[in-house]
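Q:
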Amino acid sequence: MTEQKDSILKLMNITQIFPGVKALDDVSFEVKRGEVHAIVGENGAGKSTLINILAGINTHYQGQVEFDGRKFIAKTPSDAQSYGISVVHQELKLSETLTVAENIFLGKTLLKHGFVDWKGMRKKARTMLTELGVVIDENELVENLSVAKKQIVEICKAMNHECKMLIMDEPSATLTDRELDVLFAIVPRLVEHGVTIIYISHKMDEIFKICDRVSILRDGKYIDTMQIKDVTRKHLINLMVGREMGLEYPKEEGKFGEIVLDVKNLTRKGVFEDVSFTLRKGEVLGVSGLVGSGRTELMRAILGVDKITGGTVTHYGKIICNRNLKDAISLGFGLIPEDRKSQGLVQIFPVRENICMVAMDKVRKHGLINRKLEVSYSTEFAKKLNIVLPSIETEVQFLSGGNQQKVVIAKWLMQDSDIFILDEPTRGIDVGAKSEIYMLMNGLVKMGKSVIMISSELPEIIGMSDRVIVMHEGHCVGELQRDELSQEKIMSMCI
Amino acid sequence: MSVNIDSNHSGNMRNSMTKNISKFTKEYASLVAIFIMLIVFSLASPYFFSAENFSNILLQTATVGIVTIGQALLITTGQFDLSLGQNACLSSIVAAYLMKIVGINPIPAIIIALAVGALVGAANGFLYAYCGIPAFMATLGLMYVCKGFAKIISNATPIANLPNSIGFLGRGYLGPIPISVIIMVGLFILFQFMSRKTRFGRNIYAVGGGTSAAYFSGINTKRIYLYTFTIAGLLSAAGGIVLMSRLNSASITNGNQYEFDAVIASVIGGISLSGGKGKIIGALFGSIFLVMFFNGMTMLNVDPFYQDVIKGFVLVVAIAVDILRNRRKN
Numbered sequence: 001m002t003e004q005k006d007s008i009l010k011l012m013n014i015t016q017i018f019p020g021v022k023a024l025d026d027v028s029f030e031v032k033r034g035e036v037h038a039i040v041g042e043n044g045a046g047k048s049t050l051i052n053i054l055a056g057i058n059t060h061y062q063g064q065v066e067f068d069g070r071k072f073i074a075k076t077p078s079d080a081q082s083y084g085i086s087v088v089h090q091e092l093k094l095s096e097t098l099t100v101a102e103n104i105f106l107g108k109t110l111l112k113h114g115f116v117d118w119k120g121m122r123k124k125a126r127t128m129l130t131e132l133g134v135v136i137d138e139n140e141l142v143e144n145l146s147v148a149k150k151q152i153v154e155i156c157k158a159m160n161h162e163c164k165m166l167i168m169d170e171p172s173a174t175l176t177d178r179e180l181d182v183l184f185a186i187v188p189r190l191v192e193h194g195v196t197i198i199y200i201s202h203k204m205d206e207i208f209k210i211c212d213r214v215s216i217l218r219d220g221k222y223i224d225t226m227q228i229k230d231v232t233r234k235h236l237i238n239l240m241v242g243r244e245m246g247l248e249y250p251k252e253e254g255k256f257g258e259i260v261l262d263v264k265n266l267t268r269k270g271v272f273e274d275v276s277f278t279l280r281k282g283e284v285l286g287v288s289g290l291v292g293s294g295r296t297e298l299m300r301a302i303l304g305v306d307k308i309t310g311g312t313v314t315h316y317g318k319i320i321c322n323r324n325l326k327d328a329i330s331l332g333f334g335l336i337p338e339d340r341k342s343q344g345l346v347q348i349f350p351v352r353e354n355i356c357m358v359a360m361d362k363v364r365k366h367g368l369i370n371r372k373l374e375v376s377y378s379t380e381f382a383k384k385l386n387i388v389l390p391s392i393e394t395e396v397q398f399l400s401g402g403n404q405q406k407v408v409i410a411k412w413l414m415q416d417s418d419i420f421i422l423d424e425p426t427r428g429i430d431v432g433a434k435s436e437i438y439m440l441m442n443g444l445v446k447m448g449k450s451v452i453m454i455s456s457e458l459p460e461i462i463g464m465s466d467r468v469i470v471m472h473e474g475h476c477v478g479e480l481q482r483d484e485l486s487q488e489k490i491m492s493m494c495i
Numbered sequence: 001m002s003v004n005i006d007s008n009h010s011g012n013m014r015n016s017m018t019k020n021i022s023k024f025t026k027e028y029a030s031l032v033a034i035f036i037m038l039i040v041f042s043l044a045s046p047y048f049f050s051a052e053n054f055s056n057i058l059l060q061t062a063t064v065g066i067v068t069i070g071q072a073l074l075i076t077t078g079q080f081d082l083s084l085g086q087n088a089c090l091s092s093i094v095a096a097y098l099m100k101i102v103g104i105n106p107i108p109a110i111i112i113a114l115a116v117g118a119l120v121g122a123a124n125g126f127l128y129a130y131c132g133i134p135a136f137m138a139t140l141g142l143m144y145v146c147k148g149f150a151k152i153i154s155n156a157t158p159i160a161n162l163p164n165s166i167g168f169l170g171r172g173y174l175g176p177i178p179i180s181v182i183i184m185v186g187l188f189i190l191f192q193f194m195s196r197k198t199r200f201g202r203n204i205y206a207v208g209g210g211t212s213a214a215y216f217s218g219i220n221t222k223r224i225y226l227y228t229f230t231i232a233g234l235l236s237a238a239g240g241i242v243l244m245s246r247l248n249s250a251s252i253t254n255g256n257q258y259e260f261d262a263v264i265a266s267v268i269g270g271i272s273l274s275g276g277k278g279k280i281i282g283a284l285f286g287s288i289f290l291v292m293f294f295n296g297m298t299m300l301n302v303d304p305f306y307q308d309v310i311k312g313f314v315l316v317v318a319i320a321v322d323i324l325r326n327r328r329k330n
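Respectively, the protein sequence lines represent chains G and L.
My numbering applies: residue 1 is where the first sequence begins, and numbers increase by one.
My numbering applies: residue 1 is where the second sequence begins, and numbers increase by one.
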């Protein structure tokens, strides 16, 4: 009985199914009143899905949630707020052009004699900020604040909505260390005010610093809840990533040839620094690291999208400098971008036009696009990559994620690209289609192409790479050969 | 066995034929609408169905039609240009001024006027693509610049009685067909062909259909915008010059509101406002529809003040149809 009284939040058998994915699978645990409770797990473990349920964004789930002794049914974010649950998202939801005080009272404007009570709102905002022990001028425009201070304004806004539980979703992802200290300092003050905190983070340091208990999710399943003081860092990482690896990753041993790409001391000031690596023919080079570690930016610079401020890129023994993507493409680089939907494909174009988009020279005769050539080329590549299609005239928006990704790869195969840069190649793709993409990667290296694979999913990195470089805060912090790869090793490097 | 195959075959034929017809009516809904309108107006007004009136409709379509081509190309990239009408006006005044006041030969005068139009278009494209100013604002600004220069050059008085040698552009006939109509149809066919058969044309659709996908496929998206705005400017100057020739006068009211008529005509012609979709030639039918619609209403003695109200409705309905068409797909 006493334990029940303690719990502010009870999750009972929560299951959430999205098309093709079981995002949450029978998850049950409790959060005690007044604690700082961490939820950890890899990308795709179900953390965001869980938060979205509590935030009133995901409404179609199975199971029951009890909050503060009441049954919790939220259809919208404002429903969730009226229960007393507020979320500070990674992307802050403030009006940049309004003042701090105005933001705090957004949607809760104080009135006096029917008119807006500016004086009262400023005064109350002032009090709230002092209580939290932070120095922010309530009359400052939000756009002039640092990210950390914006987060604090967001927290004040939540407090103003009589918040009983505050969910902080990776608040540190965009903060510098010093800004982080400011944020950490107010956490105990929030707890003093009777707020329970759910803290989502990838970073072990933070969790061990400010949390009381931690719950682990893995692949949508609940693993365990533990007292922070009873757990070691290593044990926690093991619980997060410890999964059996079967034939999920059909990696075949490749034969490597000459060095096709030799990157030395590559720097783009303030983004990444002094990064060196090589890529051999027929090799899959994994690039691991957290989001924001500079992985994508590194590739953008090599491809000529962003400017390089130092270092060299050597391509088949020749130093190159791509001024733009077109240069890179003509040298044989192909990019399979992270955001397949908007960056990889023109959604309203048929498969034919998407496949022929880069290697248009091949389908032109006397300078004019030849429909017959287009049809024969796109049919050939669709067949080669086993793309399941009603017709090559189908708009790509109607294809599944896996088939869409194959169309992107086909586009570069037709261009005869030989260095394929895959950024999060299986994000949002069903498990079944995933292994097909992996098979395609096998096929690419067999053809003598080289692959750079950026991925946040450790099992994928370990399962499919011949060699891995690990990025952390813009630096390349390590390189591991295939036989040295383990999740613990990579995790300890990038945390 | 062979009978079986045959019946199958004809079944397929019939199937594909109905499919083709439904595809045709979908793509050229404006053509079907024109046809229906022809019948309705012909029954309602005794003056509507005559060779003279049709020739009149086509003559009116010619000038706004040429401007519409540029707007249609821009809408396909996902942008639009509010300065096209005033650009047409300025270019016609530049041509008239050079011929009449300065006394330059018509051919160089027209070339300079076309260059002015292209320059205005290029300025729009540069401001949008390279300076990041929203097209709405950039082209609104250029609209006023054009309007101002048109007034300054002409002193806000019409320049009339232009050299006879340029009269054929707007008033000449080749057999029974007005030369201006031939110019417009020729340009429409040229740009329809360009949009479907050249790399540049395909890139216009790619940019409109997915700017970042186009960018990450190595297409220089900024340049595509710059070129398309420039072409639109050039075409609107051409439209302005044909209009000047037809009226035998250049005045600051020439080409007024052409930019909006061009948007309406494009949308009616099936060019999606969200970009990347539609056939340029469709805008030709859209233009004819628009001109015919108002011609018919004039024939039926509908108060011209009400015609503006109706025009507004036509625009909103056309856009609503466009949006619904896209929504159903998603």
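All C-beta atoms in this analysis are idealised placements derived from N, C-alpha and C, irrespective of residue type, glycine included.
1) Flag this pair as yes or no: are the beta carbons of G:Y199 and G:A382 separated by less than 8 Å?
2) In whole angstroms, what is the alpha-carbon distance linking L:S274 and G:V134?
3) Is the CB of G:M453 under 8 Å away from at least one CB in chain L?
4) Give me the chain G residues within the contact set of L:V198, using Cβ-Cβ distance strictly less than 9 Å, ordered along the chain.
5) Helix, strand or coil: how does DSSP classify L:S10 here?
6) Can you pull the chain G residues whose beta carbon is under 8 Å from the beta carbon of L:G276, in chain order?
7) May I ask which residues mark the beginning and end of the alpha helix (DSSP H) holding G:Y199?
8) From which residue to which residue does the beta strand (DSSP E) around G:K383 run?
9) So, under 8 Å CB-CB, L:N87 and L:G65 are touching, yes? Tell me the CB distance rounded to an integer number of Å.
10) Does any residue of chain L have a CB that is nearer than 8 Å to the CB of G:E244?
11) Quick check on this structure: which residue in L:D322, L:F305, L:M244 and L:L38 has the alpha carbon closest to the alpha carbon of L:C89?
12) Who are the Cβ neighbours of G:D262 in its own chain at under 6 Å, not counting the five residues just before and after it?
13) Following the continuous alpha helix (DSSP H) through L:Y215, name the residue where it begins and the one where it ends.
14) For a contact meaning CB atoms closer than 7 Å, what does L:R223 contact in chain G?
15) Using only alpha-carbon positions, find the residue among L:Y130, L:Y47 and L:G209 that is nearest to G:S342.
16) What is the rounded straight-line gap between the Cα of G:E30 and the Cα of G:K10?
17) Is the distance from the Cβ of G:N13 to the Cβ of G:G56 below 8 Å?
18) When you compare the CB of L:N220 with every CB in chain G, is at least one pair closer than 8 Å?
19) Could you name each continuous alpha helix (DSSP H) segment of 4 residues or more that falls completely within the region 254-340 of chain G, going from the start of the chain to the end?
20) Output the boundary residues of the alpha helix (DSSP H) element that contains L:D261.
21) Taking buried to mean at least 16 other C-beta atoms within 10 Å of its own C-beta, is G:R371 buried or exposed?
22) Quick one, are the C-beta atoms of G:G286 and G:M471 less than 8 Å apart?
23) Identify which residue in L:L114, L:L142, L:L73 and L:P108 has its Cα closest to the Cα of L:N124.
24) Taking C-beta to C-beta, are L:S91 and L:I241 nearer than 8 Å?
25) Note down, in chain order, each residue of its chain lying with its Cβ closer than 7 Å to the Cβ of G:E297, except the 5 sequence neighbours on either side.
26) Could you list which residues in chain G have their beta carbon closer than 9 Å to that of L:R202, in chain order?
27) Give every residue of the same chain whose Cβ lies closer than 8 Å to the Cβ of L:T18, excluding the five residues on either side of it in the sequence, and list them in chain order.
28) Report the rounded CA-to-CA distance for G:P337 versus L:R171, giving the unit in angstroms.
29) Starting from G:E488, trace the beta strand (DSSP E) both ways and give me its first and last residue.
30) With 16 other CB atoms within 10 Å as the buried threshold, where does G:C156 fall?
31) What residue range is occupied by the uninterrupted beta strand (DSSP E) comprising L:N301?
32) On the DSSP bridge list, what partners appear for G:C476?
33) Sort G:L480, G:E170 and G:P390 by Cα distance to G:I51 and report the nearest one.
34) Let's see if you can read the secondary structure: which residues bound the alpha helix (DSSP H) around G:D79?
35) Helix, strand or coil: which one does DSSP assign to G:G63?
A: On the basis of the data shown:
1) no
2) 46 Å
3) no
4) A small fix is needed here, since residue 198 of chain L is Thr in this sequence, not Val. What L:T198 touches in chain G: R364, G367, L368 and I369.
5) The predicted position of L:S10 is uncertain, since its pLDDT is 45 and thus under 50; a value taken from the coordinates is nonetheless stated next. Three-state DSSP puts L:S10 in a helix.
6) V346, I348 and F349
7) Looking at the DSSP string, G:Y199 is not in any alpha helix (DSSP H); the run it does join, the beta strand (DSSP E), is T196 to I200.
8) From DSSP, G:K383 is part of no beta strand (DSSP E) but of the alpha helix (DSSP H) over R371 to K384.
9) Contact flag wrong, Cβ pair sits at about 16 Å.
10) At G:E244, the pLDDT of 44 sits below 50, so the modelled position is not reliable; the number obtained from the coordinates is stated separately. Not one chain L Cβ lies under 8 Å of G:E244.
11) L:M244
12) T278 and T314
13) T211 to Y215
14) Chain G residues near L:R223: none, gap ~11 Å exceeds 7 Å.
15) L:G209
16) 5 Å
17) no
18) yes
19) 295-302 and 325-330
20) Y258 to I268
21) exposed
22) no
23) L:L142
24) yes
25) R268, V271, F272 and D306
26) E353, C356, M357, M360 and I369
27) none
28) 55 Å
29) Element bounds for G:E488: not the beta strand (DSSP E) but the alpha helix (DSSP H), Q487 to M493.
30) buried
31) No beta strand (DSSP E) holds L:N301; DSSP gives it neither H nor E.
32) G:M471
33) G:E170
34) P77 to Y83
35) strand
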